[in-house]
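Residue numbers (my numbering): 1 to 269.
Read the structure below first, then the notes.
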Amino acid sequence: MAERKPKVATIDPVWSHIREEAKAAVRDEPLLGGFIHSGILHHASLERALAYRFSLKLSSGEMSEQILREIADEAYDSDPELGQAARADIVAVYDRDPAAHRFMQPLMFFKGFQAIQAYRIGHWLWASGRRDLAYFVQMRVSEAFGVDIHPNARMGKGIMIDHAHSVVIGETAVVGDNVSMLHSVTLGGTGKEDGDRHPKIGNGVLIGAGAKILGNIHIGERSRIAAGSVVLHDVPRCTTVAGVPAKVVGEAGCDQPALTMDQLIDGGA
């Protein structure tokens with residue numbers, strides 16, 4: 001009989017880091033012990049903790065926490081990409097948000113991160129043909145977090161939505177990897193047209209607060225959209241646009257604007 005090979009333990013550095021932070025947080029603030037144990041330390045994996053958070057934040061008189069937990073567990077068990085995207089999003093928030101000092105903060109406190117993870121479950125439902133349930137998740141995410149992302153929209157990995165208030169992302173929008181956006185951003189259409197009608201955001205783009213990007217247009221990779229801009233036409237890669245309507249005002253200023261989060265134009269001059 002063939003000898004069985006021993007199972008190799010899977011190392012999850014992000015989850016291990018979060019658990020160590022959680023233990024330290026309980027020592028520092030015992031009054032948060034129950035909150036942190038139920039949100040982190042009680043769970044065997046990041047996926048289980050995310051499913052718990054999803055069910056806790058989105059449950060209501062219309063849908064119980066237990067049912068939502070079962071939906072989320074099924075999603076994470078069926079699609080490992082969901083957990084991988086969540087890990088990339090956590091690292092993105094930690095690296096780019098100066099208010100994030102620990103990996104556990106997005107999971108427990110930041111509604112932008114939580115809204116994206118809930119959207120990802122809604123997108124999984126949509127792709128699985130369970131569209132009415134996907135719409136329900138979209139509705140509850142909008143009500144709970146102030147973030148309205150259509151479940152058919154496509155979002156990459158390493159996404160950070162800072163502050164995450166009044167963010168709207170339409171049905172046919174596509175957002176690439178390592179994109180950063182601030183509050184009150186809209187990726188919308190321009191009227192009642194049907195079909196492919198929303199923006200396509202390239203990798204590494206930084207979108208400033210209150211920016212509106214409208215129509216089936218392409219935002220080139222590693223570009224910057226200045227705060228308050230209204231973008232109605234394609235934006236070349238590695239450029240900065242600003243104004244109403246937005247116009248090219250210069251280069252992006254750095255190789256990775258979404259990572260540096262530098263929103264000054266011409267060095268602040």
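Where is the CB? At the ideal position from N, CA and C, for every residue including glycine.
Small disclaimer: the values here were computed from a predicted structure and weren't measured.
Does the beta-carbon of residue i have 16 or more other beta-carbons within 10 angstroms, so that it is buried, or is it exposed?
i	result
PHE54	buried
LYS247	exposed
VAL167	buried
GLU81	exposed
LEU68	buried
ASP194	exposed
ILE11	exposed
LYS192	exposed
GLU62	exposed
GLU221	buried
GLU70	exposed
GLY245	For the sequence presented, residue 245 should be read as Pro rather than Gly. It counts as exposed.
GLY83	buried
PHE109	exposed
Using three-state DSSP, classify residue i as helix, strand or coil.
i	result
SER64	coil
LYS192	coil
ILE265	coil
ASP79	coil
ILE271	For residue 271 there is no data in the structure shown, the boundaries of the chain being 1 and 269.
SER38	helix
HIS43	coil
HIS163	coil
ASP97	coil
HIS150	coil
HIS218	strand
LEU259	helix
MET1	In this predicted model, MET1 has a pLDDT of only 47, less than 50, meaning its place in the structure is not dependable; the value taken from the coordinates is given anyway. Residue state, collapsed to three classes: coil.
GLU20	helix
Bridge partners for residue i per DSSP, in chain order?
i	result
LYS212	THR186, VAL230
ARG224	LEU206, THR240
LYS247	ALA242
SER180	MET160, LEU206
LYS200	VAL174, HIS218
MET155	VAL175
Report yes if the C-beta distance between residue i and residue j is below 9 Å; otherwise report no.
i	j	result
LEU206	SER180	yes
LEU182	GLY170	no
ARG140	ALA164	no
THR190	LEU232	yes
LYS200	VAL174	yes
ALA88	HIS123	no
GLY112	VAL147	yes
ALA227	GLY210	yes
GLY204	GLN263	no
Can at least three beta-carbon pairs, one atom from the stretch 211-222 and one from the stretch 123-131, be found at a separation below 8 Å? No, because fewer than three Cβ pairs between the stretch 211-222 and the stretch 123-131 fall closer than 8 Å, the two stretches do not touch.
Decide if the stretch 25-33 is in contact with the stretch 42-61; the criterion is three or more beta carbon pairs, one per stretch, under 8 Å apart. No, they do not touch.
Measuring CB atoms only, is the stretch 92-107 touching the stretch 147-160, in the sense that at least three cross pairs come out at less than 8 Å? Contact between the stretch 92-107 and the stretch 147-160 is present, because at least three Cβ pairs lie under 8 Å.
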